[in-house]
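Only one structure is covered here, and it is reproduced in the block below.
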Amino acid sequence: MQAEKEDEDEASPEEYVALSDFTGGGSDQRSFSSGDRLLVHSKPSAEWWWATLQGVPGYVPASYLRLVTAEEEEEEDISLEDPWQDEEYFGSYGTLRLHLEMLSDKSRTETYRQVILSNSASLRNKAVMDLGCGTGIISLFCAQLAQPSVVYAVEASSMADYTRQLVKQNGCEEVVTVLQGRAEEIELPEQVDVLVSEWMGNCLLFEFMVESVLQARDRCLRDGGIMWPSSAALTLVPCQADSYYTEKMAFWERPYGLDFTPLQPLAQQEFFTKPKFSHLIEPEDCLTAPCDVICLDMYTLQVRDLEEMKGQFHFCVEKSGVFHGFTAWFTVHFESLEEGGAAVELNTGPNSEPTHWKQTLFMLDRPVSVYAGDSISGSIVLHRNPVWRRHMTVTLQWNINSSTEDTDNCQANLFMSLYTIYLSDYVHKVVTDDFIIFHTFVVTFFSC
1 MQAEKEDEDE ASPEEYVALS DFTGGGSDQR SFSSGDRLLV HSKPSAEWWW
51 ATLQGVPGYV PASYLRLVTA EEEEEEDISL EDPWQDEEYF GSYGTLRLHL
101 EMLSDKSRTE TYRQVILSNS ASLRNKAVMD LGCGTGIISL FCAQLAQPSV
151 VYAVEASSMA DYTRQLVKQN GCEEVVTVLQ GRAEEIELPE QVDVLVSEWM
201 GNCLLFEFMV ESVLQARDRC LRDGGIMWPS SAALTLVPCQ ADSYYTEKMA
251 FWERPYGLDF TPLQPLAQQE FFTKPKFSHL IEPEDCLTAP CDVICLDMYT
301 LQVRDLEEMK GQFHFCVEKS GVFHGFTAWF TVHFESLEEG GAAVELNTGP
351 NSEPTHWKQT LFMLDRPVSV YAGDSISGSI VLHRNPVWRR HMTVTLQWNI
401 NSSTEDTDNC QANLFMSLYT IYLSDYVHKV VTDDFIIFHT FVVTFFSC
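The letter at position 408 of the sequence shown is residue 408 when you use UniProt numbering, and the numbering goes up by one with no holes.
Below you can see the structure in the form of structure tokens.
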């Protein structure tokens, strides 16, 4: 390998970008972080390349890297000045497509309406901030259903111009003031009593609008003020996904009486190596009771806490079935301002009315049979990308403890899945004690 490397040293190095973190296992391996730019000098094998990072050489895993395109080289300086990708992000919210999807979500929108209505007496003469107001629907609810002294409707996208028109059209301009700009930059004439926002993304945190909410809380919310939502939780459950597995994998066994099984590895790579967004899990496909794995207190959560969030889980399998993967969703709660009033809940799980978020399915590379009495234990880590601030990595690590001797010989096996979630591309790595498989793929991902 060393001889091959020296033979290729004279070739011009190519620039690659790291798709996820890598920690070298020896002195000849070069560690790097997601987003790092490496110069690849030679490719001795398909799996390991010789590269340098900041002048320090070493072997690196090829599957962790993506070639930097000519367009990226030209735009590098501009892109790095915008780690939040505001042009792309706010540009998507400047069109009606996402707002139509959100406003058509009755579970979501009616929950916010119910929060305002059930607290209307306590909102009287209060100052309210509606952060990321979009078309201003929550601000209009406040103005029409309660009697706040003022509502500051803050929107960073170009939709703010239309929001002003909607406020005037609905006769609320005496109460609602629309301000265009990022939450981190907007200056209010006063501190507010209530900060309300619909900031949640897929897997709760994706897009990390929650950071803007926390900064607005610290800058604009008076002491003792109210946060809506007041708390949030990410929920996980091991599940069956037989229809999806059959549709994407079993189909290739005997279509039209022909053997297409050589295409199954390709199908596995194409369909199962990325999270399935907009998934709707049936309650009967849950193999265990769900578990809240990450819980957020919106009064005490700090921006620095978002860099890495960890949770543990222990599931007891309630019925025998095929373990195809994990399904995730979230729940948020809105505390009541009324004395003795009940909190309002928005639950995006399978036992509630469907929302535009639906659920997120993380498929295993291969299904595992489990039996009643088995247990699935492990951890989940949400790691924020250190460069691109709206991106994150979800790492699931688990083991199956069998109550029988029939659980596919995985009683002592340790499994780990890593999903790096970007606005427009993803990386998925599955590791078991026997093998490592890396996949790279691109998919357009919009979340509201």
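Ideal placement from N, C-alpha and C gives every residue a C-beta, glycine not left out. In this text the structure is predicted, and so the values were computed from the model without any measurement.
- Look at residue 327 here: in three-state DSSP terms it is strand.
- With a contact defined as Cβ atoms closer than 8 angstroms, residue 60 and residue 334 miss out at about 47 angstroms.
- Only residues of its own chain outside the window of five on either side were considered, and among them 140 have a CB closer than 7 angstroms to the CB of residue 170, listed in chain order.
- Within the model, the alpha-carbon separation for residue 145 versus residue 69 is close to 53 angstroms.
- Residue 403 and residue 310 have their C-alpha atoms spaced approximately 28 angstroms apart.
- Shown here for residue 203: same chain residues with a beta carbon closer than 6 angstroms to its own, the five before and five after excluded, namely 328 and 360 in chain order.
- Boundaries of the beta strand (DSSP E) around residue 310: 308 to 316.
- In the DSSP assignment, residue 356 falls outside any alpha helix (DSSP H) and carries neither an H nor an E.
- Taking 8 angstroms as the cut-off, the Cβ atoms of residue 363 and residue 220 do not count as close.
- Contact annotation, residue 317 with residue 374: C-beta distance approximately 4 angstroms; criterion of less than 8 angstroms satisfied.
- For the pair residue 400 and residue 24, the Cα-to-Cα distance works out to about 28 angstroms.
- DSSP lists 192 as the beta-bridge partner residues of residue 221.
- Around the beta carbon of residue 56, fewer than 16 other beta carbons sit within 10 angstroms, so the residue counts as exposed.
- Note: residue 174 is not bridge-paired with any residue in the DSSP secondary-structure output.
- In the assembly as shown, residue 240 is a buried residue. Its beta-carbon has 16 or more other beta-carbons within 10 Å.
- Looking at the DSSP output, residue 297 shares a beta bridge with 231.
- Residue 384 places its beta carbon less than 8 angstroms from that of residue 306.
- With contacts defined as CB atoms closer than 8 angstroms, residue 192 and residue 222 qualify as a contacting pair.
- Between residue 151 and the set 110, 177, 337 and 63, the nearest pair of CA atoms involves 177.
- Taking a cut-off of 8 angstroms on C-beta distances, the region 261 to 275 does not touch the region 334 to 350, as fewer than three cross pairs fall below it.
- Across the set 279, 236, 166 and 312, the C-alpha of 236 shows the shortest separation from the C-alpha of residue 287.
- Distance between residue 48 and residue 37, taken at the CA atoms: about 16 angstroms.
- Scanning the region 369 to 395 from its first residue to its last, no whole alpha helix (DSSP H) run of 4-plus residues comes out.
- Here the alpha carbons of residue 354 and residue 308 stand approximately 29 angstroms from one another.
- Between residue 31 and residue 207, the alpha-carbon positions lie close to 27 angstroms from each other.
- DSSP places residue 397 in the strand class (E or B) of the three-state scheme.
- When DSSP states are grouped into helix, strand and coil, residue 206 belongs to the coil group.
- Within the region 119 to 191, the runs of beta strand (DSSP E) at least 3 residues long that lie entirely inside it are, in chain order, 127 to 131, 150 to 155 and 176 to 180.
- Comparing alpha-carbon positions, the option among 349, 18 and 14 lying closest to residue 387 turns out to be 18.
- Closest option to residue 243, judged by alpha-carbon separation, among 258, 279 and 260: 279.
- Per DSSP, the unbroken beta strand (DSSP E) holding residue 18 starts and ends at 14 to 18.
- For residue 320, the secondary structure class from DSSP, reduced to helix, strand or coil, is coil.
- With a beta-carbon spacing of about 6 angstroms, residue 390 and residue 89 fall inside the 8 angstroms limit used to define contacts.
- Nearest C-alpha to residue 156 among 276, 351, 111 and 181: 181.
- In the three-state scheme derived from DSSP, where H, G and I count as helix and E and B as strand, residue 93 is classed as coil.
- Of all alpha-carbon atoms in 134, 184 and 393, the one lying nearest the alpha-carbon of residue 97 is that of 134.
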